[in-house]
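Heads up, the thing below is written out as structure tokens.
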Amino acid sequence: MSDLSDTRARAYWKRNLALMFKLLLIWFVVSFGCGILLVDFLNQFHLGGYPLGFWFAQQGSIYVFVVLIFYYARRMDALDREFDVHEDRD
Amino acid sequence: MELKTLTYLVVGATFALYIFIALRSRASSVKAFYVADGGVHPVANGMATAADWMSAASFISMAGLIAFMGYGGSVFLMGWTGGFVILAMFLAPYLRKYGKFTVPAFIGDRFYSSTARTVAVVCLIICSVTYVIGQMKGVGVAFSRFLEVDYSTGLYVGMGIVFIYAVLGGMKGITYTQIAQYCVLITAYTIPAIFISLNLTGNPFPQLGLGSTLAGSDTYLLEKLDLIVTDLGFREYSTDVRISGLNMFMYTLSLMIGTAGLPHVIIRFFTVPKVHDARTSAGWALVFIAILYTTAPAVAGMARLNFVQTLEPEPGQHLVYEERPQWFKNWEKTGLLAFEDKNGDGRIQYTSDPAVNEMVKVDNDIMVLANPEIAQLPNWVIALVAAGGLAAALSTAAGLLLTIASAISHDLLKGIIAPGISDRQELMAGRLAMMAAIAGAGYLGPTPPDFPAGTVALAFGLAASSIFPALMMGIFSQRVNKEGAIAGMVAGISVTLLYVFQHKGVMFVASTAFLGDMPPNWFLGIEPNAFGAVGAMVNFTVAFAVSAVTARPPERIRELVEHVRIPAGAGMAEDH
């Protein structure tokens, strides 16, 4: 870590936290929000034969979870490079 | 070919494959034994993690639970997948960066205390042992139903197989067998689902079939299902809330953070070469898990529909008992399905009214296993389902056993009791601990009759209320000190244990349920299975409060945390 100043390290961590917070918000909205808290409201809409709230609880939230993880991994790769803290540096 | 012969062939072939893999991937160093040499490709690790994670509960029980809980069963679907998002963002990359062999090793270093490490080992062992007992039970049930051998014989065969590849190969052997087991279990799960979806809706994708119209009509499947279950007096399938919205919220949250805190899942991420791989590997794990988890609700809904329509093909036209199908007779023999002709008309009345209902026993667990028979699929599909159930139980059992063995040989023996032992001695100790763990699980497996259902709740509750908060605070706070972490873990576990035991009896002996006169789910209407989230909040609160009034952690801990947060400089997972 000798090549990484304290301010740079803090900035990197802050950017990471901001990204996590954003993605965690989406994680919360699709599962606890659409799947549980807003389920009655959303069930008046339909996706094919699925009531929408029921679909989020049993299908939709899972698809969104998968996308969130890959999106996080990709954004963190970019962030690692920007701050030059990625692995395999020479 | 006869079903029994076919089942022997298919199950025998999969077992031969697992042993073949084990012989080809023997572990010759501690590093191979604990973390498979740290060289597993992220996609391969994702697949192994999926098999490690999906147990007999996911494969056999979950769809059956959802079939009878309807919308309320969503807690399992969201809870057991959403935890991977937490794992991928909050835990896996940093623990991989730190690069130790076990979870308690991180807790011991970060909180600069071998007491903290020991407390973590105790939590880990209790939660893994309770979990592994359920898997052993699953192995016994699958054997006794499909191979028609004695329950305990089935258990011993299963133990023997795990013994061969886990003791010989350690994490290396387990990783490659788990990949094979994933392939077996996912094939076994999806093939019947595809056939049933085609039969009912004409759509080969079960995920779409559940939202489609029934073949040859304009009625949506879910609409029809809601209609027929409400006709029988049950609550509407697509809106049947589990106790209350708050309870579902807490249940889902407990399963999510329990998932993220289960040590046998976390250590899988120590086997990939880089921090970057730990992040993507969690994504791949969830892809492989999602294939089963998005199929499960379709299996559930379709099984419920098929089941009700078999018993009552047209409204008011009840099935004559003497004309019941073969699968009905098969499952009656196991005692998991039972009929009692209350009104003496020789027909099966199935309703929600206990005074009239004649299906006196319908066990959740039979839905997945009986599904291919109910849908009249060929015998080889039924044989495959048996092999799939065994693969799910064995892969999870092996992962848990390795976690227990490494906590004993690496954390307790090498870490605390005898730091001077050589690698060779530690490897031998690891193998011995593994043997002891297998023998212990096999001994406990058949004994307590009602153990598994209660113990799964305890395993998640414990992981959620003890290990998860300790790891989170270890990475995200520089202020939480050893006093705080230890007090937090102890408080979190104790609260969760007390609430579970108060409802279900001390160690699940029902007669010891103290304060038995209290109303069920007395704390805000939250059921014991959902209590892990409350335990976690207690843990966080106690840890921060105690840390605030005691000394700051030493300066080197601040450096340790800074080091963990940055990917650069991650070596292979190693010892000290």
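In order, the protein sequence lines correspond to chains C and P. This note's numbering puts the first residue of the first sequence at 1, with every later residue one more than the last. This note's numbering puts the first residue of the second sequence at 91, with every later residue one more than the last. Backbone N, C-alpha and C fix where the C-beta goes; we use that ideal spot for every residue, glycine too. Fair warning: this is a prediction, and the values are worked out from it, not measured in the lab.
* Asked: Residues of chain C with CB under 7 Å from Ile284 of chain P, in chain order?
  -> Neighbours of Ile284 of chain P on chain C: none; closest Cβ ~17 Å, over 7 Å.
* Where does Pro294 of chain P sit, in a helix, a strand or coil, going by DSSP? -> coil
* Might you give, ordered along the chain, the residues of its own chain that have their beta carbon closer than 6 Å to the beta carbon of Val636 of chain P, omitting 5 neighbours on each side? => Glu573, Gly574, Ala577
* Asked: Cβ of Val29 of chain C less than 9 Å from any chain P Cβ?
  -> no
* Can you give me the Cβ contacts of Met288 of chain P inside the same chain, cut-off strictly under 7 Å, excluding the 5 residues immediately before and after it? => Correcting the residue type first, residue 288 of chain P is Leu in the shown sequence and not Met. The answer, listed in chain order, is Pro294.
* Gln32 of chain P, enclosing alpha helix (DSSP H) - first and last residue -> The first residue shown for chain P is 91 and the last is 666, placing residue 32 of chain P beyond what the model contains.
* Whose CA, out of P:Val389, P:Asn420, P:Ile438, lies closest to the CA of Pro403 of chain P? -> P:Ile438
* **C-alpha distance - Gly163 of chain P paired with Leu155 of chain P, whole-angstrom precision** => 7 Å
* Are the C-beta of Ile472 of chain P and some C-beta of chain C separated by less than 9 Å? -> no
* Along the alpha helix (DSSP H) that carries Ile318 of chain P, what are the first and last residues, could you check? => 311 to 321
* Compute the Euclidean distance between the alpha carbons of Thr424 of chain P and Leu93 of chain P, then round it to the nearest angstrom. => 17 Å
* To do: Under the assumption that Ala620 of chain P contacts Tyr221 of chain P (Cβ atoms under 8 Å), give the Cβ distance between them as a whole number of angstroms.
  => Contact doesn't hold; Cβ gap of about 18 Å is too wide.
* To do: List the residues of chain C that Phe397 of chain P touches, going by C-beta distances under 7 Å, in chain order.
  => Simply none; closest approach about 19 Å.
* Buried or exposed for Glu463 of chain P, please, with buried defined as at least 16 other CB atoms from any protein chain shown within 10 angstroms of its CB. => buried
* Could you tell me which residues DSSP puts in a beta bridge with Val452 of chain P? => P:Leu427
* To do: Label Ala270 of chain P either buried or exposed according to how many other C-beta atoms from any shown protein chain fall within 10 Å of its C-beta, with 16 as the threshold for buried.
  => buried
* Asked: Taking a cut of 7 Å between CB atoms, which residues from the stretch 219 to 236 of chain P lie near chain C?
  -> none
* Which two residues bound the contiguous alpha helix (DSSP H) that contains Asn135 of chain P? -> 132 to 143
* To do: Specify the secondary structure class of Leu503 of chain P as computed by DSSP and reduced to three states.
  => helix
* **Backbone secondary structure at Leu24 of chain C - three-state DSSP** => helix
* Starting from the Cα of Ala195 of chain P, find the closest Cα among P:Ile647, P:His500, P:Met579 and give me that residue. => P:His500
* To do: Assess, as a yes-or-no matter, whether the stretch 202 to 214 of chain P is touched by the stretch 391 to 409 of chain P under the definition of 3 or more beta carbon pairs within less than 8 Å.
  => no
* Asked: What is the rounded straight-line gap between the Cα of Arg235 of chain P and the Cα of Gly478 of chain P?
  -> 14 Å
* Backbone secondary structure at Thr691 of chain P - three-state DSSP -> Summary: the structure shown does not reach residue 691 of chain P, with chain P confined to residues 91 through 666, and so no result is reported for it.
* To do: For the stretch 650 to 661 of chain P, enumerate the residues whose C-beta is nearer than 9 Å to any C-beta of chain C, in chain order.
  => Glu652, His653, Arg655, Ile656, Pro657, Ala658, Gly659, Ala660
* **Residues that DSSP places opposite Arg437 of chain P in a beta bridge** => P:Val410
* So Thr68 of chain P packs on Gln44 of chain C, CB below 8 Å; how close in whole Å? -> Residue 68 of chain P is absent from the model: chain P starts at 91 and stops at 666.
* Asked: Does DSSP put Tyr50 of chain C in a helix, in a strand, or in coil?
  -> strand
* Between the stretch 122 to 136 of chain P and the stretch 427 to 437 of chain P, do three or more beta carbon pairs fall short of 8 Å? -> Segments in contact, no.
* Asked: Can you find a C-beta in chain C that's less than 9 Å from the C-beta of Ile156 of chain P?
  -> yes
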